[in-house]
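Colleague: One structure coming up, written as structure tokens, with questions to follow.
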Amino acid sequence: MHIKIKNMSISFEDNHDISAIIEVLVLDVYKMENIKNGDTVLDLGAGIG
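Numbering of the sequence shown is given in our numbering, commencing with residue 41 and proceeding in unit increments.
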């Protein structure tokens, strides 16, 4: 599948991936303004299940 969000074009294979895309880009769960280029983000997968 292929979607466009916030001036970005995103391709993904599994329909279940859309929830992660929504969390990161729409809900901004990582507060992207606080993450700098080169930072490491660790996602423990707490949103699954």
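Ideal placement from N, C-alpha and C gives every residue a C-beta, glycine not left out. Note that this is a predicted model, so its numbers are computed, not measured.
Could you spell out where the alpha helix (DSSP H) holding isoleucine 58 opens and where it closes?
Modeller: Indexing the sequence shown from 1 puts residue 58 at position 18. Run containing isoleucine 58: 57–61, per the alpha helix (DSSP H) assignment.
Colleague: Would you please state the rounded distance, in angstroms, between the beta carbons of isoleucine 50 and isoleucine 62? I believe it to be under 8 angstroms.
Modeller: In the sequence shown, residue 50 corresponds to position 10, counting from 1. In the sequence shown, residue 62 corresponds to position 22, counting from 1. Rounded, the Cβ-Cβ distance is 11 angstroms, inconsistent with contact.
Colleague: Report the three-state DSSP secondary structure of methionine 48 (helix, strand or coil).
Modeller: Reading the sequence shown from its first residue, position 8 is the one you call residue 48. Strand.
Colleague: Between the Cα of methionine 26 and those of Met48, Asp57 and Asn47, spot the shortest distance and give me the residue it belongs to.
Modeller: The structure shown has nothing for residue 26, since the chain only spans 41 to 89.
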